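Below you'll find the structure, written out as structure tokens, and then a few comments.
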Amino acid sequence: MSKHLKVAAAVALLANVVIVAFLLLRPTDDVPAQDLVDVLDPLAADATMETARYDLSDRAGDLNIILISLDALRYDRTGFGGNPDGLTPNLDAFAQESIVFEKTVSAASWTLPSHMSVWTGRWPSVHGVTNKLRLLGRDQMAESTLSPGIETYPNLLAQNGWTAAGFSGGAGMSGKYGFDRGFDTYVDDRPFAGFDYSSPQAFEWLREHRDERFFLVLHGYDSHGQYPLATSAIESIPYDGSFDGSIEENARIREGGLAAIEDPGDASDMTAQIGLEDAAFLESIYDEKVKDADERLGSFLSQVRTMGLMDDTVILVMSDHGDEFMEHGAFDHGHTLYEEQTHVVMMMRLPGYAREHRVEPVVRTIDLFPTLFDLLGLEGPVGVNGESLVPLLRGEDLELTAYGETDYRLYVHHRAIRDDDYKLVLDLRDGETELYDLSADGGEQNDISSTEPRRTYEMEQALRGWMMEHGQNPQDYRGMEQDPIEIF
Ligand SMILES: [Zn+2]
Numbered sequence: 001m002s003k004h005l006k007v008a009a010a011v012a013l014l015a016n017v018v019i020v021a022f023l024l025l026r027p028t029d030d031v032p033a034q035d036l037v038d039v040l041d042p043l044a045a046d047a048t049m050e051t052a053r054y055d056l057s058d059r060a061g062d063l064n065i066i067l068i069s070l071d072a073l074r075y076d077r078t079g080f081g082g083n084p085d086g087l088t089p090n091l092d093a094f095a096q097e098s099i100v101f102e103k104t105v106s107a108a109s110w111t112l113p114s115h116m117s118v119w120t121g122r123w124p125s126v127h128g129v130t131n132k133l134r135l136l137g138r139d140q141m142a143e144s145t146l147s148p149g150i151e152t153y154p155n156l157l158a159q160n161g162w163t164a165a166g167f168s169g170g171a172g173m174s175g176k177y178g179f180d181r182g183f184d185t186y187v188d189d190r191p192f193a194g195f196d197y198s199s200p201q202a203f204e205w206l207r208e209h210r211d212e213r214f215f216l217v218l219h220g221y222d223s224h225g226q227y228p229l230a231t232s233a234i235e236s237i238p239y240d241g242s243f244d245g246s247i248e249e250n251a252r253i254r255e256g257g258l259a260a261i262e263d264p265g266d267a268s269d270m271t272a273q274i275g276l277e278d279a280a281f282l283e284s285i286y287d288e289k290v291k292d293a294d295e296r297l298g299s300f301l302s303q304v305r306t307m308g309l310m311d312d313t314v315i316l317v318m319s320d321h322g323d324e325f326m327e328h329g330a331f332d333h334g335h336t337l338y339e340e341q342t343h344v345v346m347m348m349r350l351p352g353y354a355r356e357h358r359v360e361p362v363v364r365t366i367d368l369f370p371t372l373f374d375l376l377g378l379e380g381p382v383g384v385n386g387e388s389l390v391p392l393l394r395g396e397d398l399e400l401t402a403y404g405e406t407d408y409r410l411y412v413h414h415r416a417i418r419d420d421d422y423k424l425v426l427d428l429r430d431g432e433t434e435l436y437d438l439s440a441d442g443g444e445q446n447d448i449s450s451t452e453p454r455r456t457y458e459m460e461q462a463l464r465g466w467m468m469e470h471g472q473n474p475q476d477y478r479g480m481e482q483d484p485i486e487i488f
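First residue of the sequence shown: 1, per our numbering; consecutive thereafter.
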């Protein structure tokens, strides 16, 4: 290359750097100062988020962590997830500063096993807390609790010097199942409480402990079927039918629906009476609750922002499962592993990287803490099933297989396996399989197992093999009979 060309190339390169730097450094109100430091990092000179280094290890000693769980929030109700109804303006704004995982699969479709999988980074059958009660023998039950031999990520954070406090809605998030390990404070005294209960307490705690390096968990049942919507809000929904939208009614529909799985036509089954208008009414109640959850979350986040904590705090946002409104002939959650119950929210706002970054490939909620630990340069527990998603953040390939499990109330026993496009669901009691092409049929209405026998066979074999690998024998569930155990 001639000297002139070299000079010209250098000038062009410099001009590019100046233009990119100008575009990235131009003053805006919402780019924290720390972001600018990252942009100046020579390794991130082309400064697309895909090539950012995603490494917080040199700051781990100074960073706080907040984990927020919006119980029962469906991904498809969020604006950033494509919902057009404006139900989640605060979450949508948060998404603009966050890594958004677009295809996050929950390990289970109800609160207790799902959150425990997040806490431990393990599949439900591996951590073992698959129900509130466990069978000891015929008609003998004992309360479930996480084995002392299984480590939790929150406990490790506490051991690494974070002051841990949890403010939960109780019930399936009660500390007694093992959730409170390592926490100085863990609130769970009101069953099915929402953020209206947990968030003011969390904020109060933050004001007292803001100078410590903290790990704070905030959880609320605001969108859940057992959390009541205000009567005035119910009455404002246009509807002339016979349903009242109360939590008692929700429980009756759920219980009758479970009875009908074993005994179709059971007298207590109300689902047969739910017409299109009724289903729309019950869904509107859910949507109103999602709006309330979002508003309360927004108020909490704005308080955190006002306290000046955003630049020093990693904020993780998740949901544990969704909810069904007759998409597959039933209501509530826990009883199947279809998308309305297992496609959940997972986001991360990282100081220094607080811009929107969409991640498309399939990920799992069990990957949340392994990713956080990798970012912070911390050693996680050994033998976990979750994996760090940092390679995906850096634009590298990472193909993950997602599995789902539900043994809801020791009554239904389903397993699922999914890759990017296809999902196979197996009912362990009767051995029936269903296969869906999620790229063409996101609502799982068209079972293609009979037209794609080879793929069905291969995925079923992979699922059964995965079960055996993790200590479950599919045959053990064949023809299993057990009334649904009580919930409380
Ligand atoms: Zn839940």
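No residue lacks a Cβ here, since even glycine has one placed at the ideal position from N, Cα and C. Bear in mind the structure is a predicted one, so any value in this text is a computation, not a measurement.
Short note on TYR227: C-beta not closer than 8 Å to any heavy atom of ligand 1. ILE315 sits close to PHE94, with the two beta carbons spaced by under 9 Å.
If you ignore the 5 residues before and after ARG418, its C-beta comes within less than 6 Å of the C-beta of ALA402, all in its own chain and listed in chain order. DSSP places ASN64 in the uninterrupted beta strand (DSSP E) bounded by 64 to 70. Inclusion of VAL317 and MET346 in the CB contact set at 9 Å is warranted, their separation being smaller than that value. In its chain, beyond the 5 residues on either side, THR163 have a beta carbon closer than 6 Å to the beta carbon of GLU212.
Comparing C-alpha distances from TYR286 to each of GLY241, ILE237, GLY169 shows the shortest one belongs to ILE237. For PHE192, the closest of ASP184, ILE247, ARG138 by C-alpha to C-alpha distance is ILE247. Within the chosen limit of 8 Å, ligand 1 does not reach the beta carbon of SER246 with any heavy atom. Fewer than three pairs of CB atoms, one per stretch, sit closer than 8 Å, so the stretch 174 to 190 makes no contact with the stretch 63 to 78.
In this structure, TYR197 has its CB at a distance of at least 8 Å from all heavy atoms of ligand 1. Comparing C-alpha distances from VAL344 to each of GLY169, SER69, ARG53 shows the shortest one belongs to SER69. DSSP places LEU218 in the uninterrupted beta strand (DSSP E) bounded by 214 to 220. Three or more Cβ pairs closer than 8 Å define a contact, and the stretch 248 to 265 falls short of that threshold against the stretch 194 to 212. Counting along the chain, THR451 sits inside no beta strand (DSSP E), nor does DSSP assign it H or E at all. In the DSSP assignment, LYS103 is bridged to VAL362. THR185 sits in a strand when the DSSP states are folded into three classes. Nearest in C-alpha terms to GLU97, of all of MET348, ARG296, GLU339, is MET348. LEU136 is classed as exposed because its beta carbon has fewer than 16 other beta carbons within 10 Å across all chains shown. Within the same chain, MET467 come within 8 Å of ASN473 by CB-CB distance, once the 5 residues on both sides are set aside. Relative to the non-hydrogen atoms of ligand 1, the Cβ of GLY194 never comes closer than 8 Å to any of them. With contacts defined as CB atoms closer than 9 Å, THR365 and SER168 fail to qualify as a contacting pair. Bridge partners of PHE167 according to DSSP: VAL187, LEU218. Looking only at LEU301, TYR477, GLU396, the smallest Cα-Cα distance to ARG429 is reached by TYR477. When secondary structure is reduced to three states using DSSP, HIS414 falls in the strand class. Assignment of beta-bridge partners to TYR422 by DSSP yields ASP437.
Below 8 Å, too few C-beta pairs join the stretch 355 to 363 and the stretch 56 to 63 to call them touching: fewer than three.
Three or more Cβ pairs closer than 8 Å define a contact, and the stretch 389 to 406 meets that threshold against the stretch 98 to 114. By the Cβ rule, the stretch 229 to 236 counts as touching the stretch 278 to 298, because three or more pairs are nearer than 8 Å. The C-beta of GLU396 has fewer than 16 other C-beta atoms within 10 Å across all chains shown, which makes the residue exposed.
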